[in-house]
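Written out below as structure tokens is the structure these notes cover.
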Amino acid sequence: MQHSDKTSLTADEWDELNFPRPEENEFDRVVERALSRRGFLQGVLVLGSGAAAMSGGLLGSSALKAAESVSSRFPFLPIAAQTDGTVHVPEGYAWKALARWGDPLFSDADDYDIAEGGPVAKSDRIFGENTDGMETFVYHGHQLIAINHEYVNPEVNLPVAQKGVPANADDVAKLKNLQGVTVMEIAQADNGWHVVKDSPFNRRITHNTPMKIVGPAAGHDLMKTAADATGTASLGTMNNCGSGKTPWGTYLTCEENFNGYFGATAQTPLPEDVKDGYKRYGINAEGAGYDYHKWDERFDTSKNPNEPHRFGWVVEIDPTDPKSTPVKHTGLGRFKHENAEVVLAADGRVVVYMGDDERGEYLYKFVSDGTYVPGGSTDGLLDDGTLFAARFNEDGTGEWLALTPETTGMGKAEMLIFARKAASAVSATTMDRPEWISANPFAVEAYCCLTNNKNRGLKTNAGGDETPVGGPNPREANKYGQIVRWRPHDDDHAGNTFDWDLYVMAGNPTVHQDAYAGSENVTPGNMFNSPDGMAFDQNGLVWIQTDGADSNEGDFAGQGNNQMLVGDPVTGEIARFLTGPKGSEVTGLCWSADRRTMFVGIQHPGGDWPDGNGALPRSTVIAITRNDGHLIG
Ligand code: FEO
Ligand code: CA
Ligand code: CA
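Residue 85 in the numbering used here sits at position 84 of the sequence shown, with consecutive numbering throughout.
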């Protein structure tokens with residue numbers, strides 16, 4: 002998420018404002034940082050023989066010039082950076098909107114009303130706002146797609162006169178309904194892909210949908226509320242950011258900045274562990290502006306102090322059964338989940354890689370106790386096992402640190418509910434905001450976007466852990482981001498040790514000559530900032546989406562709007578494939594079953610995209626195809 006609601010702050014900036022991290026600038030630590038940076042640069046990768054840096058290119062340098070720097074493994078001519086209000090793809094490709102915020106999923110829902118934002122009664126019958134992670138599924142010949150709706154802009158969903166401030170419980174209900182997840186059937190006709198309106202598979206999952214809570218923290222006292230004395234039955238999933246897919250065909254949706262939906266109407270004393278958890282996870286009395294707590298006691302932490310503990314999880318959804326109850330898996334830990342990348346270890350154990358997207362938080366891995374057997378029971382495979390946090394050493398090795406009662410001094414349930422504190426206890430490496438993780442289908446390795454971190458080397462994380470410059474986080478006040486990758490020793494994703502390097506350090510070689518120029522595979526023709534979404538395709542290429550500064554000025558001059566690029570993991574080469582409309586973030590990526598269509602999310606666009614003529618800009622999922630009908634990934 003780049004924008005928050007009415008404050009226009011990112012969720013991370015909102016946390017920073019409410020829970021300011023201490024300034025740190027002692028001389029000794031500055032020296033230490035400088036040394037570790039030098040050490041890193043000596044060992045930094047030299048990538049991409051064909052990616053020699055070009056000089057002098059700026060925005061407007063032709064696509065041809067950009068193309069000079071890339072290999073023929075990319076079946077397209079890279080495009081130039083753009084600053085306009087639409088989507089661009091390479092010659093020979095085309096895009097078309099599949100679903101826009103407000104599109105009815107059922108014929109009994111009204112068309113979207115721009116002035117009033119649509120009636121509350123049918124607000125859970127339409128496509129939600131601000132799409133993010135998504136995955137496709139095929140079931141009995143039906144093509145299904147599950148799509149996250151990360152957050153909502155109250156200003157444009159409530160009557161204009163209210164300026165985004167909910168005036169009653171109905172307003173809050175409407176905002177709740179426009180977020181969460183959509184599962185829907187899609188089909189392809191002569192004029193492209195469309196939503197199958199009224200399909201029995203169509204379903205909206207909202208901030209109120211009944212959920213089951215399972216795993217080691219289910220039923221713990223910290224999970225119990227006035228409405229649920231069992232601590233095993235909750236309502237809703239929220240701030241659904243990245244996604245994942247299990248080998249058994251279910252959808253994983255990841256709860257990220259859940260903290261901003263809570264507030265307090267009164268001051269009440271809280272138990273120490275709860276108070277401490279609020280601080281670490283950024284929950285305060287004011288909330289981020291959604292005002293749920295003023296109209297729904299469930300979100301009022303002075304009345305329901307444990308309700309926030311029931312969010313921040315990975316949720317499993319069966320897209321083939323619209324009556325199924327989504328399941329929150331506490332075994333995967335509670336933090337600001339970006340996505341959940343599931344791989345199988347050689348012995349069949351389930352490994353889930355996960356990032357916690359906040360400045361100075363951690364990278365996690367879950368390894369199941371049991372093994373996955375196709376057609377067998379999957380009970381416990383996302384809960385019974387061990388959660389680890391990553392430590393990256395300066396010498397290019399790393400280890401997964403098990404979070405257990407012995408290593409953390411915390412009970413098993415507390416350790417999962419307050420996973421951040423558990424990872425701090427084992428001194429895992431504080432990271433530059435881990436976003437999406439994707440595993441290479443052709444090599445035993447995984448990649449993680451570290452989007453940026455203006456506090457790197459300057460401030461601690463919310464738990465007071467230091468964030469020294471070094472290792473995979475090599476630049477102070479990191480404004481561009483990088484992608485780290487790791488290769489498990491013995492080719493075993495379930496193992497405890499790995500080697501790591503940086504696939505790319507984003508930067509601007511037209512503005513900087515130092516480490517902020519980026520790594521050697523960054524050129525004036527492909528430069529970008531803030532890598533975020535990411536997915537490998539079936540050709541072994543990695544697609545990279547950005548959510549960063551699109552000012553096209555200063556440090557970001559020549560980088561244009563947010564974009565999607567494709568990287569070759571072998572050569573390091575990177576080419577720009579798509580540019581988004583001004584103001585948008587490009588996020589969410591998946592393919593049709595025949596791989597001839599790529600679905601891409603355009604979140605929070607500016608201007609009047611995609612409808613034009615002064616229409617309200619709408620978050621939209623687009624379908625991209627090749628004009629020659631060939632595979633696209
Ligand atoms: Fe929702 Fe970290 O992106
Ligand atoms: Ca993201
Ligand atoms: Ca982001």
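Beta carbons: idealized from backbone N, C-alpha and C, even for Gly. Predicted model only: the values in this text are computed from it and were never measured.
{"Item": "Exposed or buried, which one is residue 246 when buried takes at least 16 other CB atoms within 10 Å?", "Value": "buried"}
{"Item": "Tell me the rounded alpha-carbon separation between residue 174 and residue 152.", "Value": "14 Å"}
{"Item": "When you compare only the Cα positions, how much space is there between residue 68 and residue 82?", "Value": "Annotation note: pLDDT 45 at residue 68 (below 50); position unreliable, no value reported."}
{"Item": "Name the DSSP bridge partner or partners of residue 145?", "Value": "138, 186"}
{"Item": "CA-CA distance, residue 160 and residue 118?", "Value": "6 Å"}
{"Item": "When you measure from the CB of residue 551 to every non-hydrogen atom of ligand 3, does any distance come out below 7 Å?", "Value": "no"}
{"Item": "Roughly how many angstroms separate the alpha carbons of residue 227 and residue 305, rounded to a whole number?", "Value": "7 Å"}
{"Item": "Measuring CA to CA, which of 376, 414, 399 is closest to residue 387?", "Value": "414"}
{"Item": "So residue 466 and residue 487 are in contact, right, with Cβ under 8 Å, and what is the actual spacing, rounded?", "Value": "Going by Cβ atoms, the distance from residue 466 to residue 487 rounds to 21 Å, so no, they are not a contact pair."}
{"Item": "What is the rounded straight-line gap between the Cα of residue 222 and the Cα of residue 588?", "Value": "37 Å"}
{"Item": "Output the boundary residues of the beta strand (DSSP E) element that contains residue 235.", "Value": "234-236"}
{"Item": "Using a Cβ-based criterion (distance less than 7 Å to any ligand heavy atom), does residue 433 qualify as near ligand 2?", "Value": "no"}
{"Item": "Would a C-beta distance cut-off of 8 Å place residue 297 and residue 100 closer than the cut-off?", "Value": "no"}
{"Item": "Return helix, strand or coil for residue 175, following the three-state DSSP convention.", "Value": "helix"}
{"Item": "How many Å lie between residue 52 and residue 516 at the Cα?", "Value": "Note that residue 52 has pLDDT 29, beneath the 50 cutoff, so the model's placement of it is unreliable and the number below is only indicative. Distance between the alpha carbons of residue 52 and residue 516: 17 Å."}
{"Item": "Residue 607: which of 632, 601, 563 sits nearest, CA to CA?", "Value": "563"}
{"Item": "Taking 7 Å as the cut-off, does the CB of residue 242 come closer than this to any heavy atom belonging to ligand 1?", "Value": "yes"}
{"Item": "Could you give the DSSP three-state label for residue 416: helix, strand or coil?", "Value": "helix"}
{"Item": "Got a sec, what are the start and stop residues for the alpha helix (DSSP H) residue 533 sits in?", "Value": "Not the alpha helix (DSSP H): residue 533 falls in the beta strand (DSSP E), residues 532-537."}
{"Item": "When we look at the beta-carbon of residue 65 and count the other beta-carbons within 10 Å, is it buried (16 or more) or exposed?", "Value": "Since pLDDT at residue 65 reaches only 41, below the 50 mark, its modelled position is unreliable, and the value read off the structure follows with that caveat. Exposed: under 16 other Cβ atoms inside 10 Å."}
{"Item": "Consult DSSP for residue 467 and reduce its assignment to one of helix, strand or coil.", "Value": "coil"}
{"Item": "Report the residue from 225, 249, 136 whose alpha carbon sits nearest the alpha carbon of residue 382.", "Value": "249"}
{"Item": "What are the partner residues of residue 640, as DSSP defines its beta bridges?", "Value": "What the structure shows of the chain is the stretch from 2 to 634, and residue 640 is not part of that stretch, so it cannot be assessed."}
{"Item": "Within a Cβ cutoff of 7 Å, which residues of the same chain sit near residue 75, ignoring the five residues on either side of it in sequence?", "Value": "567, 576"}
{"Item": "Under 8 Å between the Cβ atoms of residue 301 and residue 265?", "Value": "yes"}
{"Item": "Would residue 458 and residue 436 qualify as a contact pair, given that the criterion is a beta-carbon distance under 8 Å?", "Value": "no"}
{"Item": "Output needed for residue 553: all residues of its chain with C-beta closer than 6 Å, excluding positions within five of it in sequence on either side, in chain order.", "Value": "84, 561"}
{"Item": "Taking 8 Å as the cut-off, does the region 101-120 touch the region 184-204 (at least 3 CB pairs, one atom from each stretch)?", "Value": "yes"}
{"Item": "Who are the Cβ neighbours of residue 339 in its own chain at under 8 Å, not counting the five residues just before and after it?", "Value": "242, 243, 255, 257, 355, 356, 357, 358, 435, 436, 437, 438"}
{"Item": "With a threshold of 7 Å (Cβ to nearest heavy atom), would residue 14 be considered close to ligand 1?", "Value": "no"}
{"Item": "When we look at the beta-carbon of residue 180 and count the other beta-carbons within 10 Å, is it buried (16 or more) or exposed?", "Value": "buried"}
{"Item": "Whole angstroms are fine: how far does the CA of residue 460 sit from the CA of residue 27?", "Value": "In this prediction, residue 27 has a pLDDT of 42, which is less than 50 and means its spatial position is unreliable; what the coordinates show is noted afterwards. One C-alpha to the other measures close to 11 Å."}
{"Item": "Thinking C-beta only, is residue 87 closer than 8 Å to residue 622?", "Value": "no"}
{"Item": "Measure the beta-carbon distance from residue 455 to residue 329 and round it to whole angstroms, keeping in mind my assumption that it falls under 8 Å.", "Value": "Contact doesn't hold; Cβ gap of about 32 Å is too wide."}
{"Item": "Pop quiz: residue 590 and residue 534 are said to be a contact at Cβ under 8 Å. What is the actual Cβ separation, rounded to whole angstroms?", "Value": "6 Å"}
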